[in-house]
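Enquirer:
In UniProt numbering, the protein residues as written are 1 to 384.
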């Protein structure tokens, strides 16, 4: 599962740039309400965008926000405080095991104050997240999904991004932060970015743009169901504790992952699972929130979620939502086709879709039973 990259790691590329004393710079991005920068290298021939840097002290409502929005109180969303977003960018990549959802490589880094208009006076440098800049394979610029429309989106990509958003309770998945990446033959991949508002302390303000995309109604493929079944929220919780994420966010992540797994096991679509988690009305708790409240222990017993009780509640509630598989072709994950491969047009379309018979067989058999949780070796990259 997942796709291996032939590119060197972003960390290696960064260290190579520093070692060779290549001229580096930052360029403030116009979009958004926080300080986001293109990390660039300059040669005699060109200025190249290498990555996107988000310093902690320039996030929306943080003290050094260059765009003027610096109200710490109003800046909280889902209990996520200004200055905590950069860490969640890193964690989205860490928890996207096997790069299944295609989150660009993201790492924690420090850059010197001299590169920025506003120095971080509390530190000698800017501390934040550095994410690989996403380029389109056809030589153009990646477009936001809201500028393209969902008709062209691969169903498998929508499901892969959706399962990540459900697990991490994304409060900010909108049409501007799912990029559409095209290859030389016109093939499409979706790339999720901007994960500053994942892992909230409460689930009152979730935002899933893909709920309105038709692909979210399609059944999960066998590959996606296998991936979901193999997720280990206990191990993910340990990763989050290594980064000192608070326990309220960790236990909600665990509960959301359990919801995804039970829903997938019962054959529910991404849309049905997403609607279970998201509030229909602003001031009324979602069914997910109600299930969590029902499974929460009394304060005198710790007030935490009884996960065994939660699983029983989820099975009871989600089983009543079981859906019949749709009898139509189910689009599989398209391969990224390199220029010059000779694979275009009808051949590409043939590779990108299952036949109706295959789709029905996949729906009837579901996930194979011989898969186990991710091995220690598969997880090792994320635990270093």
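Glycine included, every Cβ here is placed at the ideal spot set by N, Cα and C.
1. Quick check on the DSSP output: the alpha helix (DSSP H) that includes residue 54 runs from which residue to which?
2. Select from 97, 154, 112, 79 the residue whose C-alpha is nearest the C-alpha of residue 39.
3. Determine, using beta-carbon pairs with one atom in the segment 182-195 and one in the segment 98-109, whether at least three such pairs fall under 8 Å.
4. Tell me the DSSP secondary structure of residue 131 in three-state form.
5. What first and last residue would you give for the beta strand (DSSP E) that runs through residue 224?
6. Using a Cβ-Cβ cutoff of less than 7 Å, which residues in the same chain neighbour residue 357 once the five nearest sequence positions on both sides are dropped?
7. Return the chain-ordered list of same chain residues with a C-beta closer than 7 Å to the C-beta of residue 174, the five sequence neighbours on each side being excluded.
8. Along the beta strand (DSSP E) that carries residue 27, what are the first and last residues, could you check?
9. Can you give the beta carbon distance from residue 158 to residue 215, rounded, assuming they're within the 8 Å contact cut?
10. Could you give the first and the last residue of the continuous beta strand (DSSP E) run that contains residue 192?
11. Tell me the DSSP secondary structure of residue 198 in three-state form.
12. In the DSSP assignment, the beta strand (DSSP E) including residue 111 goes from what residue to what residue?
13. Count the CB pairs spanning the segment 278-287 and the segment 226-240 that are closer than 8 Å, and state whether there are at least three.
14. Grab the span of the beta strand (DSSP E) containing residue 179 for me, first residue to last.
15. If you draw a straight line from the C-alpha of residue 41 to the C-alpha of residue 304, how long is it?
16. Throw me the rounded Cβ distance for the residue 318 and residue 271 pair, which I believe falls under 8 Å.
17. Give the secondary structure of residue 350 by DSSP, where H, G and I count as helix, E and B as strand, and everything else as coil.
Expert: Short version:
1. Your numbering for residue 54 matches position 54 in the chain shown. Run containing residue 54: none in the alpha helix (DSSP H); it sits in the beta strand (DSSP E), 47-55.
2. Locating residue 39 in the chain shown gives position 39, where the first residue counts as 1. Closest by alpha carbon: 112.
3. yes
4. As a first step, residue 131 is located in the chain shown; it is residue number 131 there, counting from the start. Three-state DSSP puts residue 131 in a strand.
5. As a working note, residue 224 is residue 224 in the chain shown. Careful: residue 224 lies outside any beta strand (DSSP E), inside the alpha helix (DSSP H) at 222-230.
6. Working through the chain shown from its first residue, we reach residue 357 at position 357. Confidence at residue 357 is low in this model, with a pLDDT of 40, below 50, so the placement of that residue is unreliable and no value is reported for it.
7. The sequence position of residue 174 within the chain shown is 174, counting from 1. Here the set comprises 207, 209.
8. Stepping through the chain shown from its first residue, residue 27 is reached at position 27. Its beta strand (DSSP E) spans residues 23-28.
9. One-based indexing of the chain shown puts residue 158 at position 158. One-based indexing of the chain shown puts residue 215 at position 215. With 8 Å as the limit, residue 158 and residue 215 qualify as a contact, their Cβ atoms being about 4 Å apart.
10. As a first step, residue 192 must be located in the chain shown, where it is residue number 192. Start and end: 188-192.
11. As a working note, residue 198 is residue 198 in the chain shown. Three-state DSSP puts residue 198 in coil, outside helix and strand.
12. For this step, residue 111 is matched to residue 111 along the chain shown. 106-112 is the extent of the beta strand (DSSP E) around residue 111.
13. no
14. What you label residue 179 is simply residue 179 of the chain shown in a count that begins at 1. 178-182 is the span of the beta strand (DSSP E), which, as asked, contains residue 179.
15. Taking the chain shown and counting its residues from 1, one reaches residue 41 at position 41. Taking the chain shown and counting its residues from 1, one reaches residue 304 at position 304. One C-alpha to the other measures close to 48 Å.
16. Within the chain shown, the letter at position 318 stands for residue 318. Within the chain shown, the letter at position 271 stands for residue 271. 13 Å between Cβ atoms; not a contact.
17. Here residue 350 is taken as the residue at index 350 of the chain shown, counted from 1. In this predicted model, residue 350 has a pLDDT of only 39, less than 50, meaning its place in the structure is not dependable; the value taken from the coordinates is given anyway. Helix.
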